[in-house]
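S.K.: Residue numbers for the sequence shown follow the numbering used here, so the first one is 31 and each next one is one higher.
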Amino acid sequence: MASDTDASNFDVSLGCLLLPAVEELASRLDRVTGLSSSERDVVVSATRESLYAQLTLKLGRLLVLELNAARVTGKLDAQDPQARWAQFLELSSRRAFWDAQAANYPTMLPRVESIVRNRVEAALRFAERWSQERPSLRVLCQGRAVGELTGLSFGAGDSHRGGQTVALLQCGSERLVYKPRSVAIDVALGRFLLALKARHDGPLSIRVPAVVDRGTHGWAEFVSHQYAAGDDALRSFYRGMGHWLAIMRLLSGSDLHSENVIAHGDAPVVVDCETLFTPRIPPKPSELGQALDHAAELVGGSVLSIGMLPGRGIGLGWRGVDNSAVGMLPGQQPKVQQPDILQKGTDEARIGITQLPAQVSQNHPSPEPALARFWPEVLTGFDGMTATLRALDGAGRLGGLLTPFESCRIRVVPRATEVYAEVARMLWHPVSLHKDGPARQRAFDLLTRMAANVSTAPGEPEVVAAEVEDLLEGDIPFFTTLAGDGQLEGPRGTRWQPHRDLVAAALESWRTADFTLERDVIQSALVSAYVNDGWMPDAASMMPAHIRTDDLDVRRRRLAASILRQLVSTAIRGTDGSVTWIAPTRGPTGWSVQPLEQDLYGGASGVALLVGGYLREVEKGRADSVAGLEPLLASVLHTLVLAENRFMALRQRKGIRLRPPPPGAYIGLGSQIWTRLVLLDWTRDAGEGLARAEALADAIPESASAADAHDVLSGTAGAIPPLLALARRTGNARYLQMARALGDTVCEHARRKNGQACWIHEQWPEGVGGFAHGTTGMGWALTLLGRATGTSRYAELAQEAFAFEDALFDEDEQNWLDLRMLEGAKSAAAWCHGAVGIGLAHVDLDPRFERPQTRLRLRRAAAATRQLGLGWNHCACHGDLGSWELLEHALRAGEAPDGLTREGLLASILTSIEEQGPSCGLARDAFAPGLLAGVGGVAYQLLRAHPEHELPSILTLGGGTF
C-alpha cells in the first residue's frame with residue numbers, strides 16, 4: 031500500500047475516516063503490558079495500512095463518482111487534470127466532505143465505522159496475545175527466543191468474524207504466522223503424518239508447519255519457499271504431492287489451492303489445513319440427465335475436489351485460471367481481470383478493468399516447473415500412500431488414528447470466495463450505498479438463487495441474511511464446526527446442516543471409493559495444467575521398429591471395433607436413458623476433467639457422430655458389428671436433447687443471465703449445429719434434427735457477442751461454416767445473414783498491415799498461424815463466406831490471412847513457424863497448430879488444384895508432416911490420424927514425400943496402435959472418447975481409412991472427402 035503522501039491514490043481522502051480510530055488504538059496499545067513502543071508503532075502502522083487498502087476497495091468507486099461530479103459542477107477549478115485531482119484530494123480529506131455525503135449515501139459512514147472499529151479491535155486483540163504468549167513461541171523458532179516485533183502485515187487472507195485476518199510477523203531474523211482461529215486441526219494432522227511415517231514403506235517428505243494452539247487462535251512456523259536441489263529432490267517433491275492426494279482423499283480435504291501449499295526443497299508443505307472433513311453434500315439435479323448427475327457426483331467426490339489437481343476456473347475474473355497446488359504453471363495462465371481505477375492522478379479518473387498476470391505462486395519446486403517430467407511420481411506417491419492406508423484399515427488401526435480429529439474445529443467453505451467478493455462489490459456500489467434496502471434484497475436474492483442450484487450453498491433465509499450482513503461490514507462469511515459434530519456454525523450465530531460425524535463420513539467415503547477412477551482422474555487432470563493443444567507427458571516416439579503390412583483391413587476393423595467396445599463398456603448410464611463419460615475435455619477455458627459437454631471436439635456431439643458413423647459403415651459392410659451401439663446412440667442423442675432443452679429454457683427464463691456457450695465450429699453451438707445436420711443426412715436424428723439445429727442457430731448472435739475469441743475452434747469464425755450449411759439445408763436466408771454478421775465481426779477485429787492480416791488474443795498477442803486458433807482457419811471460414819455471399823471483402827481479408835501464414839514459412843525449417851514458441855520446437859505439424867491444418871484448409875478450398883499455390887502448400891505440408899507429424903500419438907487433433915488425412919490427400923494428388931505409400935502409411939499407424947494401444951498424447955492411459963483429441967477420433971479416422979467410406983471429414987467439417 032502506498033504512503034499517505036502518494037498523490038496517485040485516495041489515501042489522503044480516506045485518512046479522516048480511519049486516523050482517529052488508529053490514534054485511539056495507539057493510545058490503548060500503550061497500556062498493553064510487555065509491548066514496546068516500537069512494537070506498538072509496528073501494530074499501528076500495519077492496522078493503518080490494512081484499513082487504507084480495505085476502504086479504498088470499498089469506497090474507490092464512490093470517490094471516482096464524486097470526483098467527476100465535482101469536475102462537472104465546477105467545484106474543481108485548477109489549471110490542469112493533475113492539479114484538479116490534487117484539489118479533489120484536499121477537498122475530500124475533510125470530515126465535512128464525508129458528513130455531507132450522508133444525504134446521498136445514508137448507510138455509508140455507519141458501515142465504514144464498523145469496518146474501522148472491527149479492524150482496530152482485532153489489532154488490539156492480536157497485540158495483547160502477542161505480548162502475553164511470545165515466550166511460548168520459541169518452539170516455532172527452533173528453541174531460540176522470539177525477537178522483538180519489527181514487521182507486521184494484516185490481511186494475509188480474507189477478513190472474517192469482525193475484521194480478523196491472518197497476519198505475517200517479522201521478529202528480528204525470524205518470521206511467524208498468526209491465525210485468529212484454533213490450529214488444533216494442524217496439530218492433529220501433524221501427529222497423523224508422524225504415525226504414517228512410522229508405517230509407510232518408503233520416505234515421506236510431506237509435512238505441516240509447527241504450531242502453537244491457544245484454542246481461539248494460534249501461531250505457526252513460517253515456511254519459506256525453497257527450490258529443490260536436483261532431480262532426486264524433485265522426484266521426492268512430486269511423490270509427496272501424490273502422498274498428499276491420498277491422505278486428503280481419506281480426510282476429505284478441500285480448498286488446497288496453490289496458496290495453501292508451499293514448496294520447501296523436496297517437501298510440499300500444506301500451510302493451511304482448516305478445510306479437512308468437508309461435508310459431502312449430493313449435488314442437486316442438473317436437468318441434464320441422471321447419468322451426468324451421477325458422473326458429476328463421482329467427480330465431485332474424487333481427489334479432484336481437494337483442489338490440488340489442475341483445473342480451469344470458470345468464475346468471473348478467474349476464467350481459465352488454474353489455481354491448483356500441482357498446477358498454476360507460469361506461462362499457462364490467462365491474465366486476471368480486476369476492477370481498478372484508471373487514469374489515477376487526474377480528474378478524469380474512472381473505473382475500468384485491468385488485466386494483470388496471474389500472481390506468481392510458491393507451490394513449485396523449480397523455477398521452470400517440472401510437472402511434465404515428473405508427473406508419474408504423483409501417481410506413484412498416490413498408489414504407495416493409498417496402500418499404506420489400506421493396510422492400516424485392514425489391520426483395524428486406521429479408525430483409531432482418525433479419532434483425535436473429532437474434537438478439532440474445521441472450516442467449511444459453502445460458496446467460493448469469488449462469489450462473496452462479487453456480491454460485496456455490488457453492495458458497496460454507490461447506487462447500493464444510495465439505496466441500501468434494494469441492494470440488500472438483491473444480494474439476498476442472488477445468494478438464495480444460487481442455493482437453489484448449488485447444493486453446497488446455504489439457502490435458509492436467516493443464514494443468507496447473516497451472510498449479507500457480514501459482507502456489508504467488509505467480512506467474508508465464515509462457517510465452522512467440530513469435525514465430530516458436523517452442524518455448521520455460520521455468521522452471526524446462525525446454524526446450518528444437521529449434526530453428523532464428519533470424520534466417520536470421510537472414512538466411509540474413502541472405504542467405498544473407486545480407486546481406479548481416482549487414478550484416472552489424477553492422470554487425466556494433469557493435462558489441464560497445460561493450455562496448449564498437443565502437450566505430451568513425454569517425447570518418446572511411438573513409431574514401430576518393425577511394421578506389419580499383412581491383413582490391413584482386418585486389423586483396421588479390429589482396432590476400430592475395440593475402441594467402440596470400450597466406449598460402450600465405460601459409459602455411465604442413467605435410468606432415464608441418459609449417458610455420459612468422465613474424461614479430460616477441452617472447453618473454452620482450457621482442459622478439465624468432467625462429464626462430457628455437448629461439443630464436437632471432445633464432447634457428446636462427437637460421440638454421437640462417431641457412433642452414427644460407425645453404424646453407417648457397419649451397414650455397408652466396412653466395419654465389424656459391435657453390440658450395444660444402437661441403444662448407445664439413442665442415449666447420446668437423448669442426453670443432447672436434455673442439454674439443449676435446458677439451454678433453451680434458461681435463455682427464456684427472466685432474471686437469469688448466464689454466459690452463453692461459445693459459437694465455435696468444434697467447441698460451441700456451431701459444432702452442435704453441424705453434428706445435427708450430419709446425423710440428419712444419415713437419418714440418425716429421430717426426425718427432429720433440423721428443428722434443433724435451427725433453435726441452436728437462434729442463439730448464435732448472443733453467443734458471438736459474448737465470445738472472447740474469433741478463431742475456428744471456439745470463436746466467432748467457427749460458427750460461419752455451420753450456419754452456411756444450415757442455410758443451404760433450409761433455404762432460409764436468415765442464417766446466411768447471421769453468417770455475414772459474424773464475418774463482419776471477424777473483419778472488424780482483424781489487425782491488417784502490409785497486405786497481411788491476423789487476429790490477436792491474450793494467448794497470441796502477435797497473432798498465430800494454423801487452423802484451429804489461427805489465421806489459416808479464419809481465412810478458410812472467410813473464403814467460404816465470400817463464396818456463399820458473393821462479397822469480395824471477405825475473400826480479400828482471407829487472402830491477407832493466408833499471406834500472414836505464408837510469411838511464417840521458414841526455408842530452413844521447411845515448415846511454418848509456430849508463434850506459440852513452445853520449448854524445443856520452432857514449428858509444428860498438427861491439425862490444431864501447424865502443417866496438417868494448413869494443408870487441409872487449402873485442399874478443402876481448392877480440391878481440384880486449380881491454383882498452383884495449393885499444390886505447393888500441400889507439398890510443403892506433406893513433407894513437414896512426414897518429418898514432424900507422425901509417431902507422437904494417434905489422435906486426430908495433433909497425432910497420427912490427423913497427419914494421415916493430410917498425407918492421404920498428398921498421396922492422391924501425387925504430392926507425397928518420396929517413398930511414402932498409402933499401404934505403408936496405414937500399416938505403420940496400425941502397428942503403432944497395436945503395440946502401444948490407442949494414445950491421445952494427453953493422459954496416456956485414461957480413456958477419452960473425444961472425437962478430436964481422444965480415441966473416438968482414432969476410431970472415426972480408421973473408418974475413413976476404408977477407400978469406399980461415406981463419412982465426412984471432421985477436420986474440415988465435411989470437406990476433404992476422398
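Think of the CB as a built atom: it goes at the ideal place given N, C-alpha and C, for glycine as much as any other residue.
Just so we're clear, the structure is a prediction, and the values are computed from it rather than from any experiment.
Whole-angstrom Cβ separation of Glu835 and Gly785, contact assumed at under 8 Å?
M.R.: That belief does not hold up - the Cβ atoms of Glu835 and Gly785 are roughly 13 Å apart, past 8 Å.
S.K.: Just the Cα atoms here: how many angstroms apart are Lys209 and Thr195?
M.R.: Lys209 and Thr195: Cα-Cα distance of roughly 7 Å.
S.K.: Would you mind working out which of Gln702, Gly967, Gln946 and Thr524 sits nearest Ala723, comparing C-alpha positions?
M.R.: Here the closest residue by C-alpha is Gln702.
S.K.: For a test of the three-state rule: what should DSSP assign to Glu718, helix, strand or coil?
M.R.: Coil.
S.K.: Please classify Glu915 as buried or exposed, where buried requires at least 16 other C-beta atoms within 10 Å of its C-beta.
M.R.: Answer is buried; the Cβ neighbour count reaches 16.
S.K.: Looking only at DSSP bridge pairs, what is Arg525 linked to?
M.R.: For Arg525, which the question treats as bridged, DSSP gives the partners Glu519.
S.K.: Excluding the five sequence neighbours on either side, which residues of its own chain have a C-beta within less than 8 Å of the C-beta of Leu630, listed in chain order?
M.R.: Answer for Leu630: Gly636, Leu639, Ala695, Tyr696, Ile697, Ser701, Gln702, Trp704, Thr705, Leu961, Leu962 and Ile984, listed in chain order.
S.K.: Taking just the CA atoms, how far does Asp654 sit from His976?
M.R.: Each residue's Cα considered, the two are about 13 Å apart.
S.K.: Tell me Asn845's beta-bridge partners as DSSP assigns them.
M.R.: Per DSSP, Asp840.
S.K.: At 3 residues or longer, what runs of the beta strand (DSSP E) sit wholly inside the region 277-330?
M.R.: Complete beta strand (DSSP E) runs here, min 3: 291-294 and 297-300.
S.K.: Starting from the Cα of Arg149, find the closest Cα among Ala83, Ala787 and Ala100 and give me that residue.
M.R.: For the residues Ala83, Ala787 and Ala100, the minimum Cα distance to Arg149 belongs to Ala83.
S.K.: Using CA coordinates, which residue listed in Leu667, Gly272 and Pro690 is at the minimum distance from Glu718?
M.R.: Selected option, being the one with the closest Cα: Leu667.
S.K.: So what does DSSP say about Glu398, is it helix, strand or coil?
M.R.: Note: Glu398 maps to coil in three-state DSSP.
S.K.: What does the Cβ neighbour count give for Pro468, buried or exposed, with the cut at 16 atoms within 10 Å?
M.R.: Exposed, because fewer than 16 other Cβ atoms sit within 10 Å of the Cβ of Pro468.
S.K.: Of all the alpha helix (DSSP H) runs that stay within the bounds of the region 710-780, which reach a length of 4 or more residues?
M.R.: For the region 710-780, whole alpha helix (DSSP H) runs of length 4 or above, ordered along the chain, are 719-728, 730-736, 750-760 and 763-778.
S.K.: For Lys856, does the three-state DSSP call read helix, strand or coil?
M.R.: The answer is coil: DSSP assigns Lys856 none of H, G, I, E or B.
S.K.: On the three-state DSSP scale, how would you describe His979?
M.R.: In the structure shown, His979 sits in coil (DSSP, three-state: anything other than H, G, I, E or B).
S.K.: Would you mind listing the beta strand (DSSP E) stretches within the region 593-681 that are 3+ residues and don't spill past its ends, in chain order?
M.R.: Listed in chain order, they are 612-617 and 620-625.
S.K.: Tell me the residue span of the beta strand (DSSP E) that contains Ile381.
M.R.: Its beta strand (DSSP E) spans residues Arg380 to Leu386.
S.K.: Check whether the Cβ atoms of Leu743 and Ala802 sit closer than 9 Å, and answer yes or no.
M.R.: Result yes, Cβ atoms of Leu743 and Ala802 sit closer than 9 Å.
S.K.: What do you get for His979, buried or exposed, if any count of 16 or more other CB atoms within 10 angstroms of its CB means buried?
M.R.: So His979 counts as buried.
S.K.: Using DSSP with H/G/I as helix, E/B as strand and the rest coil, what is Lys88?
M.R.: It is helical.
S.K.: Excluding the five sequence neighbours on either side, which residues of its own chain have a C-beta within less than 6 Å of the C-beta of Lys314, listed in chain order?
M.R.: Closer than 6 Å at Cβ, skipping near neighbours: Ser485.
S.K.: If you follow the alpha helix (DSSP H) that Ile215 is in, where does it begin and where does it stop?
M.R.: Here the alpha helix (DSSP H) through Ile215 covers Ala214 to Arg229.
S.K.: Output the boundary residues of the beta strand (DSSP E) element that contains Ala197.
M.R.: Note, Ala197: beta strand (DSSP E), Ala197 to Cys201.
S.K.: Would you check if the region 809-828 and the region 842-855 touch, i.e. whether three or more CB-CB distances between them fall below 8 Å?
M.R.: Verdict: no, contact absent.
S.K.: Apply the 10 Å Cβ neighbour rule to Pro491 and answer buried if 16 or more other Cβ atoms are within range, or exposed otherwise.
M.R.: Result: exposed.
S.K.: Can you tell me whether His190 is helix, strand or coil according to DSSP?
M.R.: Three-state DSSP puts His190 in a strand.
S.K.: Could you name the residues of the same chain whose beta carbon sits closer than 6 Å to that of Glu378, not counting the 5 residues immediately before and after it, in chain order?
M.R.: Cβ neighbours of Glu378 beyond the five flanking positions: Pro111.
S.K.: Pick helix, strand or coil for Arg70, following the three-state DSSP scheme.
M.R.: DSSP places Arg70 in helix when its eight states are reduced to three.
S.K.: Tell me the DSSP secondary structure of Thr821 in three-state form.
M.R.: Here Thr821 sits in coil by DSSP.
S.K.: Once DSSP output is grouped into helix, strand and coil, what is the label at Pro693?
M.R.: In the structure shown, Pro693 sits in a strand (DSSP, three-state: E or B).
S.K.: Any idea what DSSP makes of Glu880, helix, strand or coil?
M.R.: It is coil, neither helix nor strand.
S.K.: Between the C-alpha atoms of Arg2 and Arg681, what's the straight-line distance to the nearest angstrom?
M.R.: Residue 2 lies beyond the range of the chain shown here (31 to 992); nothing can be said about it.
S.K.: Within the same chain, show all residues whose beta-carbon is closer than 6 Å to that of Thr821, passing over the 5 residues directly before and after it, in chain order.
M.R.: Contacts found: none.
S.K.: For Glu830, does the three-state DSSP call read helix, strand or coil?
M.R.: Glu830 falls in the helix class under three-state DSSP.
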